[in-house]
Amino acid sequence: MNTWTGWTSGTVVTLPEVPEGATLAEAKGESQKVYEIAGRPGWLAKLYRQPLTAPEEDRLEALISLPSGMPGADVALLDRQTAWPVARIVGAGRTVGVVMARAPGKFFATVQKKFSQDASTPEPLPLDWLIAANESITKRGLRAPDAATRTRAVWELLRIGALFERHDVVYADWSYSNALWDQDTGEVFVIDMDTCGIHHRDWIESPGGEDPLFQDGSRALTTYSDRYKVAMLTVRCLTGHRGADPHAAYGRLEPGVQQSAFGKELERVLDATDPTDRPELADLLTTFEVCYAPGRRQAADGTNVSGEVRVRGRASRGRGDELPDSGGGHTANPPPSTPGAANVTGWVPLRGRPRPSSGAPPASGSRPRPTSSPGTAPAPAPQPTEPRAPRATRTTPPAARPTVSATRPRSPSRGRRLGRVTTQLAALLGVAYLIAHFLLGWL
Amino acid sequence: MTENPSSGTAYKRKALPAYLVLDTSGSMEPYEALLNKTLLSIYDTLYVSPQVSEFVHLSVLSFSTMPHVVTPMTDIEDLESLPSVTCSGLTNFGPMFHLLRGRIESDLLMLRDAGSQVVRPVVFLLTDGIPTDEPDDAWLADYQELRDPAWKPRPQFITYGFGQASEAVLKRISTAAAYLAEDASEEATAAALTGALTSMLNSLVASAKSRRLEIPQAVKGYRSVPLDDVEF
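Residue numbers (full-length UniProt numbering), protein chains in the order written: chain A, 1 to 443; chain B, 1 to 232.
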């Protein structure tokens, strides 16, 4: 199921349009209740304790519409790996809840209990059970993650984090419980997206993930704090070490990884004394891909990570991109070969896209739906069609490295490149000869 | 790796020492099986929720004529089995408060030695009766020692009363919240006991998420007892 494009009922729905099915949670955090929408399998309604304020409402609406302006590959990633909010639920003129997708079944697992005879049922599998000692994991009846699983999980976290940063989405709530993982493949699914900010968001507690440069709550959180939190998850997922100080997990990385460009970038994020010195997540992703590429990757922690990066059969169920397979296994898509947004190969044409078959304009609250699949040919930059969904613009100081263009042209083949260089060189020599002969009279 | 960007408590893990204190006097005997079953479920919740168990450090105490440590404040990974409680005897509060102070002193030391940043302990007290200490107010001295303002780790109290529990006693002990079951009948008491333990568990789970004590807002089957001095 596509978790964003799969919703077809508009971006604003009323309570009667989201009838209550099974209750999943009550009185948790800012939510009064989370339930399955009856008759809409795979979709959840989350009702807030209090209706949203007007600014919160605007923020949520902008968030819901944001993917409309994203490149197709980004939408595809969101569709697979996030519970991006898809609609506001309104009651008495106020926003009282939000609709989002339920995590797919592969992100559920049964964690065995120890003391009681209570039946264990499949539950969402949080990163808690990736960032743990293998012994603790297996004691709960879960499979100890191997190197491939850990690497895959980190790659996906970095890709999602880099995507958020590209669009100035501040998630901030990067916690063990807000990202689920598939113990067969290491795929990751990020939940609780409805509280994300655009450009910034109010400070929130980050249990186990406190940012030393954003400690006191007086500073709004930005993508700079997200860089730290994602880096912290990265070292912890790679090593399985969840000590309070992420440097301890960093210390468990193989020396080769620490000394690689990826290790240095990680170090820069963790050690920066000024948030703006933290490198972008796109840089972390790029160096990660280089570090863990076939034949060049270094194993991370010896106790938890060993062997080659290999995408096993179930990892390549044809759902998406795969890390380069060093073991000759199948990869669904070519391995990323360009930095940063390597997977971004085109834009989704929104303006001028085909309307629904009725030919009528989208109803109020509906949003344009990307129709092209990832990898479509470059097209004009997307234009949000909803008045309240402006494209996010960066307000934070830009980092030294410019954002990778999603429309970056593909590199020509080596042979063509060589031919072009030879031609240019010959032309240059010709011009030089003419100048020297006719103008300067040297030859 | 260069010097860490911060020092002090930046990387210390917060820890909440939590004590579940169960009245296991003779009047609780009808609920003994239910009590033991619910205890197992509480520990299982900690077992399957690392985020909760790394913040909440739980110890269970019981009290009747004398108090007992049912489970010490142990790492959940090290717990191999849980003892079951039996209900008999009187409802002496004084010795329980005295034991509690000693346990808090040693547990806090252990948590600090392990590098944790310890927040104020919390006690969830469940009782179905009134103090049987002699003389009547003897327990107050032990309570005051436990709540001595000069003693920094003095715990917060959240109390649940059912059966024949006294509102005045709950009010006297509680510092954060007090709840009294609306129905004192035997049938209702079983549900009240489950409700209290569920409320405690929800409070601990919420506390683990926010890394500070979260007081239950409402408890099904209970009414909230207004407190004169809420310290929290």
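Every residue gets a Cβ at the ideal spot worked out from N, C-alpha and C, and that includes glycine.
- Taking C-alpha positions only, L99(B) is separated from E77(B) by approximately 25 Å.
- With respect to the 9 Å criterion, G161(A) and D226(A) are classified as neighbours on the basis of their beta carbons.
- The beta-bridge partner set that DSSP reports for H57(B) consists of P17(B).
- Of the residues Q112(A), G141(A), R159(A) and A153(A), the one whose Cα lies closest to the Cα of L78(A) is R159(A).
- Taking one beta carbon from each stretch, the segment 189-198 of chain A and the segment 101-114 of chain A have 3 or more pairs nearer than 8 Å; the two touch.
- Non-local C-beta neighbours of I131(A) in its own chain, meaning closer than 7 Å and more than five positions away in sequence, comprise Y176, R236, C237, G240 and R242, ordered along the chain.
- Within chain B, the C-beta atoms nearer than 7 Å to that of D245(A) come from Y11, in chain order.
- The beta carbon of S62(B) is closer than 7 Å to those of L22, T24, H68, V70 and V85 in its chain, skipping five residues each way along the sequence.
- In terms of Cα proximity to W43(A), the closest of G29(A), G21(A) and S31(A) is G21(A).
- Per DSSP, V290(A) lies in no beta strand (DSSP E) segment; the continuous alpha helix (DSSP H) that holds it begins and ends at L281 to C291.
- Sequence-distant partners of G97(A) (beyond 5 residues in either direction) whose C-beta falls short of 7 Å from its own C-beta, in its chain, are A45, K46, L47, Y48 and I89.
- Taking a beta-carbon distance threshold of 9 Å, S210(B) counts as an interface residue toward chain A.
- Comparing C-alpha distances from T149(A) to each of V99(A), F115(A) and Y292(A) shows the shortest one belongs to Y292(A).
- Counting C-beta atoms within 10 angstroms of its own C-beta, D107(B) has 16 or more neighbours from the protein chains shown and is therefore classed as buried.
- Of all C-beta pairs linking the segment 108-120 of chain A to the segment 37-48 of chain B, three or more are shorter than 8 Å, placing the two stretches in contact.
- Assignment of H98(B) by DSSP, reduced to helix, strand and coil, places it in the helix class.
- Note that the C-beta distance between V118(B) and A15(B) is below 9 Å.
- With its beta carbon less than 9 Å from one in chain B, V111(A) belongs to the interface.
- Secondary structure within the segment 134-221 of chain A: the alpha helix (DSSP H) runs of 4 or more consecutive residues, fully enclosed, are 134-139 and 147-166 (chain order).
- Under the DSSP assignment, L63(A) falls in the alpha helix (DSSP H) whose first and last residues are A54 to S65.
- Note that the C-beta distance between G89(B) and M66(B) is below 9 Å.
- Residues of the same chain with a CB within less than 6 Å of the CB of V13(A), apart from the 5 flanking positions on each side, are A87 and I89 in chain order.
- Excluding the 5 residues flanking it on each side, V205(B) has same chain C-beta neighbours closer than 6 Å at V52, in chain order.
- Straight-line measurement puts the Cα of V99(A) at about 16 Å from the Cα of E26(A).
- Cβ atoms of V269(A) and A231(A) come within 8 Å of each other, at about 4 Å.
- Interface annotation, P135(B): not in contact with chain A, CB-CB separation never under 9 Å.
- Counting every other CB atom within 10 Å of its CB across the protein chains shown gives P135(B) a total below 16, marking it as exposed.
- Using a Cβ-Cβ cut-off of 7 Å, K114(A) is close to D44 and Y47 of chain B, given in chain order.
- When only Cα atoms are considered, P216(B) and L197(B) end up about 11 Å apart.
- T276(A) and A220(A) have their C-alpha atoms roughly 14 Å apart.
- Between R59(A) and G209(A) a beta carbon distance of about 22 Å is seen, past the 8 Å cut, so the two are scored as non-contacting.
- Residue range A87 to G91 is occupied by the beta strand (DSSP E) that includes I89(A), with no alpha helix (DSSP H) assigned at that position.
- Counting only runs of 4+ residues, the alpha helix (DSSP H) found wholly inside the segment 124-194 of chain B occupies 138-146 and 167-173, in chain order.
- Assigned with DSSP and collapsed to three states, T23(A) falls in strand.
- By the CB criterion at 9 Å, A179(A) and L127(A) fall inside the cutoff.
- In the three-state scheme derived from DSSP, where H, G and I count as helix and E and B as strand, P126(A) is classed as strand.
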